[in-house]
Amino acid sequence: MERITKDYTDNDISEPFLFIALIVPGIECITGMIGNGFIVTTNAVEWFRSKILSTSDSILTILSCSRLLLQFWLMVENTYSLLFRLSYNQNTTYKAFKVIFMFLTYSNLWFAAWLSVFYCIKIANFTHPLFLKLRWRVTGLMPWLLCLSVLISFFCSLPISKDVYNVYVNTSIPVSSSNAKEKKYFTETNVVNFAIIYNLAIFIPLIMFIFAATLLIISLKRHTLQMKSNATGSRNPSMEAHMGAIKAISFFFLLYIFNFVALMLYMANVLNTNSFGNVLCKIMMAAYPTGHSVLLIFGNPKLRRTWKKLQHNVKFNLKVWK
């Protein structure tokens, strides 16, 4: 089956469904925008003060900027598609939304993959000559790799506008037991073309991320076991930090994979627009950048300290205001 055709009417979307489909992803996106905005602001302030920003913080800032744009666009598209269905289901409008969304998504996944690769090369304890050579050169290569990722994302998102989607609206559907007419929205998706474009664009960053995350977990786990065998006390702060890092990376790994699956199902339109599964995909797509930004804030000592200071200042100002 090369094409999937889905259709729905305005009456198929109930008010409770509309409320959940708007509010839950909206809250996730706003939360993620706050978290990513905090990361960008913190690193920007540090750069203005010292005129120096480490490579890891630079990647993190670029990743957070891309996620700000992605979550903003996800929220805009979700709201527009639900509240302005007639305008959204025009070929030009629909394809424009999808192309921009996929460009931001591809860029986001590439940046997240490069961040994982950078952490793996800098933190993981491997003695292979190739690994050591990469550790020496990765800082200088990273700006070029990030720029290349943007170009790849741009060129991979353009084919989405060609032979993947076709949407149209029939405004003359008769309503049973009535002389009235209703609108029916149709979406045709060429799943073969979509699968080729999607997998070619996302395969490399996906493999990069899985490989880097797996190596980093193995290295941290091995180091943790060594510390356990050499430990004399009941608690070792360094060992606890390693265990926390392993849990954080594992959680992000799951988020990344779930987002990959949700994104594929959502963009391929295999689920009905008014189905719970479609809303669940949107929730998962919004949860991925939000969850990772929270992990990054609480896993990064500098960001964690700044966040606690911000919380303290907000609480203090609220008390003064009261």
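In full-length UniProt numbering, the protein residues as written are 1 to 322. Ideal placement from N, C-alpha and C gives every residue a C-beta, glycine not left out.
Exercise. Write down every uninterrupted run of the beta strand (DSSP E) in the region 2 to 64 whose length is 3 residues or greater and which is fully enclosed by it, in chain order.
Key: 3 to 9
Self-check item: Rounded straight-line distance, which links the Cα of V192 to that of N43
Solution: 42 angstroms
Self-check item: Whole-angstrom C-beta distance between F111 and I59, which should lie under 8 angstroms
Solution: 7 angstroms
Quiz item: Are the CB atoms of N274 and F17 nearer to each other than 8 angstroms?
Solution: yes
Quiz item: Do F97 and M33 have their C-beta atoms closer together than 8 angstroms?
Solution: no
Self-check item: Selected residue, minimal CA-CA separation from P159, among V314, F118, V99, C147
Solution: V99
Self-check item: Sequence-distant residues of the same chain with beta carbon closer than 6 angstroms to E188, five excluded per side
Solution: Apart from the 5 residues on each side of it in sequence, E188 sits with its Cβ closer than 6 angstroms to the Cβ of R3, T5, N166 in its chain, given in chain order.
Quiz prompt | Beta-carbon contacts of S56 that lie in its chain and below 8 angstroms, excluding the five residues immediately before and after | solution = Same-chain partners within the cutoff: L115, F118, Y119, K122.
Quiz item: Mind checking whether R281 and L265 have CB atoms under 8 angstroms apart?
Solution: Here residue 281 is Cys; the residue named in the question, Arg, does not match the sequence. Contact: yes.
Quiz item: Taking just the CA atoms, how far does M284 sit from V261?
Solution: Looking at the two C-alpha atoms, the distance is approximately 9 angstroms.
Quiz item: If you scan the region 180 to 227 from start to end, which runs of the beta strand (DSSP E) of 3 or more residues do you find wholly inside it?
Solution: 181 to 190
Exercise. Let me know the secondary structure DSSP gives T273 once reduced to three states.
Key: coil
Quiz item: What span of residues does the alpha helix (DSSP H) with L109 cover, start to end?
Solution: 91 to 123
Exercise. Mind checking which residues open and close the alpha helix (DSSP H) that includes S157?
Key: 129 to 157
Quiz item: Can we say the region 146 to 158 touches the region 193 to 202, given the rule of at least three CB pairs closer than 8 angstroms?
Solution: yes
Self-check item: Rounded C-alpha distance that separates I27 from S64
Solution: Using only the alpha carbons, I get a separation of about 18 angstroms.
Quiz item: Quick one: what does DSSP say N300 is sitting in, helix, strand or coil?
Solution: coil
Practice problem: Could you name the residues of the same chain whose beta carbon sits closer than 6 angstroms to that of W307, not counting the 5 residues immediately before and after it, in chain order? | Solution: I297
Practice problem: Quickly, what does DSSP pair N170 with across the bridge? List them, please. | Solution: K184
Exercise. Identify, in the order they occur along the chain, each residue of the same chain with its Cβ nearer than 8 angstroms to the Cβ of G140, setting aside the five sequence neighbours on each side.
Key: none
Quiz item: Is it right to say S250 is buried, meaning 16 or more other beta carbons lie within 10 angstroms of its own, or is it exposed?
Solution: exposed
Quiz item: At which residues does the alpha helix (DSSP H) containing S87 begin and terminate?
Solution: Secondary structure note for S87: its alpha helix (DSSP H) is the uninterrupted segment 85 to 88.
Quiz item: Measuring CA to CA, which of L22, L263, A213 is closest to F101?
Solution: L263
Quiz item: So which of L318, K133, K302, K162 has the shortest CA-CA distance to V45?
Solution: K302
Practice problem: Determine, using beta carbons only, whether residue 364 and N108 come nearer to each other than 8 angstroms. | Solution: Residue 364 falls outside the range modelled here, since the chain spans only 1 to 322, and no answer is possible.
Quiz item: Does the distance from the CB of L86 to the CB of K184 come in under 8 angstroms?
Solution: no
Quiz item: From A268 to G277, what does the alpha carbon distance come to, in whole angstroms?
Solution: 13 angstroms
Quiz item: Using CA coordinates, which residue listed in V279, N259, L220 is at the minimum distance from G291?
Solution: Closest option to G291, Cα to Cα, is N259.
Quiz item: Considering only residues of the same chain and omitting the five flanking positions on each side of L82, which have a CB-CB separation below 8 angstroms?
Solution: I13, L18, A21, L22
Exercise. Please confirm whether residue 325 and V169 have their CB atoms less than 8 angstroms apart.
Key: The question about residue 325 has no answer, for the chain in this structure spans 1 to 322.
Practice problem: Return the chain-ordered list of same chain residues with a C-beta closer than 7 angstroms to the C-beta of L132, the five sequence neighbours on each side being excluded. | Solution: none
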